[in-house]
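Contents: one structure, followed by commentary.
Residue numbers (my numbering): 75 to 346.
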């Protein structure tokens, strides 16, 4: 019986689902683009429901192509997820619905927030926390975007005050939805995505209480931090129902994986 691995690649402008054989060859795939939400200059958002539906569509289209080749969905033994990393998602624990559009990694609305946070550090330096989380205070990283949401969006404030707020990067949102959403969905992330939030302690590989305190965040809102390769949960419905989600990597880390001799990672025109 043939065995295959599925991969969800959720990027800044498009989503792909690819199916690989055991030799690393792509046997079927589908890709779809989606609209950017641009409320004003410097602001970039994604509709989380649209993101999820692009994943569903790509899976469905790929399964149709597999069927035309005489292959069955359950020939896929596991799937993995790779994703745009710092893009910040918030949703409601009670109904599983987004509380706001995702704020995308390249969004710069938080510049004033960054400057306020730098001023609040003992050293008055953007590098103050780098020994803990490895990152400077910047508009780029998720904790700053989440702080902006907590300061400016009433629905997020209300959810935070009543312990209904759920936060995650795109991988967390997709794993949550694919494993059932409000009906038992799993709230996790992996270390590569967590490392881009400013909230992960790089030594313990867990959320850092001091960073959470500095940013004014509740630990109960955050996903559990897992390794990049383990079974997080099973897909709850659709053509891949029952198949385990067993891999999770931020896209730039995933791009380091080399399948054939003499391949190298090369990223052009994208911030690292």
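Quick reminder that beta carbons are idealized off the backbone N, C-alpha and C, glycines included.
Are the beta-carbon atoms of residue 314 and residue 155 separated by less than 8 Å?
By 1-based counting over the chain shown, the position of residue 314 is 240. By 1-based counting over the chain shown, the position of residue 155 is 81. The answer is no: Cβ separation not under 8 Å.
With residue 214 as the anchor, note down where its beta strand (DSSP E) starts and where it stops.
Taking the first residue of the chain shown as 1, we reach residue 214 at position 140. Counting along the chain, residue 214 falls outside any beta strand (DSSP E), and DSSP gives it neither H nor E.
Among 317, 250 and 305, which one has its Cα closest to the Cα of residue 296?
The count along the chain shown starts at 1 and reaches residue 296 at position 222. Residue 250 is the option with its Cα nearest to residue 296.
Is residue 346 helix, strand or coil by DSSP?
To locate residue 346, count along the chain shown from 1; it is residue 272. With a pLDDT of only 43 at residue 346, under 50, the local geometry of the prediction cannot be trusted, and the value read off the model is given with reservation. Of the three classes helix, strand and coil, the one that applies to residue 346 here is coil, per DSSP.
Could you give the first and the last residue of the continuous beta strand (DSSP E) run that contains residue 298?
Residue 298 sits at position 224 when you count from the first residue of the chain shown. That run of the beta strand (DSSP E) goes 298 to 300.
What first and last residue would you give for the alpha helix (DSSP H) that runs through residue 246?
As a first step, residue 246 must be located in the chain shown, where it is residue number 172. Unbroken alpha helix (DSSP H) run through residue 246: 244 to 252.
Enumerate in chain order the residues of its own chain whose CB-to-CB distance from residue 88 is below 6 Å, with the five nearest sequence positions on each side excluded.
As a first step, residue 88 is located in the chain shown; it is residue number 14 there, counting from the start. 105 and 107, listed in sequence order.
Do you know offhand how far residue 274's Cα is from residue 142's?
What you label residue 274 is simply residue 200 of the chain shown in a count that begins at 1. What you label residue 142 is simply residue 68 of the chain shown in a count that begins at 1. For residue 274 and residue 142, the distance between alpha carbons rounds to 45 Å.
Span of the beta strand (DSSP E) holding residue 78?
The residue you call residue 78 lines up with position 4 of the chain shown. Element bounds for residue 78: 78 to 84.
Check residue 90 in the structure and name its three-state DSSP category.
Along the chain shown, read from residue 1 onward, the residue named residue 90 stands at position 16. Residue 90: strand per DSSP, three-state reduction.
Determine the burial state of residue 346: buried for a count of at least 16 other Cβ atoms within 10 Å of its Cβ, exposed for fewer.
Numbered from its first residue, the chain shown carries residue 346 at position 272. Caution is warranted here: a pLDDT of 43 is assigned to residue 346, below 50, making its placement in the model unreliable, and the coordinate value is therefore given only provisionally. Label assigned to residue 346: exposed.
Around the Cβ of residue 287, are there at least 16 other Cβ atoms within 10 angstroms (buried) or fewer (exposed)?
What you label residue 287 is simply residue 213 of the chain shown in a count that begins at 1. Flag for residue 287 reads exposed.
To which residues of the same chain is residue 180 closer than 6 Å at the C-beta, ignoring the five residues directly before and after it?
Counting from one through the chain shown, the residue named residue 180 turns up at place 106. 118.
Relative to the C-alpha of residue 122, which candidate in 240, 200 and 174 has its C-alpha closest?
For the purposes of this step, residue 122 is taken as the residue at position 48 of the chain shown. Here the closest residue by C-alpha is 174.
Hey, out of 216, 198, 234 and 200, whose CA is closest to residue 168's CA?
The sequence position of residue 168 within the chain shown is 94, counting from 1. The shortest C-alpha separation from residue 168 is found at 234.
The alpha helix (DSSP H) spanning residue 127 covers which residue range?
Residue mapping note: residue 127 aligns to position 53 of the chain shown, counting from 1. It spans 122 to 142 - the alpha helix (DSSP H) in which residue 127 sits, taken as one unbroken run.
For residue 107, does the three-state DSSP call read helix, strand or coil?
Looking up residue 107 in the chain shown gives position 33. Reduced to three states, the DSSP call for residue 107 is strand.
Starting from residue 262 and walking both ways along the alpha helix (DSSP H), at which residues does that stretch end?
Numbered from 1 along the chain shown, position 188 holds the residue referred to as residue 262. Premise fails: residue 262 lies in the beta strand (DSSP E), 262 to 264, not in any alpha helix (DSSP H).
Opposite residue 348 in the DSSP bridges: which residues?
No information on residue 348 is available, as it lies outside the stretch 75 to 346 that the chain covers here.
In chain order, which alpha helix (DSSP H) runs of at least 4 residues are fully inside the region 150 to 200?
Within the region 150 to 200, the complete alpha helix (DSSP H) runs of at least 4 residues are 185 to 194.
Taking 7 Å as the limit between beta carbons, can you name the residues of its chain near residue 277, skipping five residues before and five after?
Position 203 of the chain shown, counted from the first residue, corresponds to residue 277. Closer than 7 Å at the Cβ level, and outside the excluded window around residue 277, lies no residue.
What's the gap between the Cα of residue 189 and the Cα of residue 172?
For the purposes of this step, residue 189 is taken as residue 115 along the chain shown, with counting starting at 1. For the purposes of this step, residue 172 is taken as residue 98 along the chain shown, with counting starting at 1. Cα-Cα distance, rounded: 28 Å.
For the alpha helix (DSSP H) that contains residue 283, what are its first and last residues?
Mapped onto the chain shown, residue 283 falls at position 209. Unbroken alpha helix (DSSP H) run through residue 283: 283 to 289.
Checking 8 Å against the spacing of the C-beta atoms, do residue 310 and residue 254 come in under that value?
Counting from 1 along the chain shown, the entry for residue 310 is found at position 236. Counting from 1 along the chain shown, the entry for residue 254 is found at position 180. Yes, the pair counts as a contact, with Cβ atoms nearer than the cut-off.
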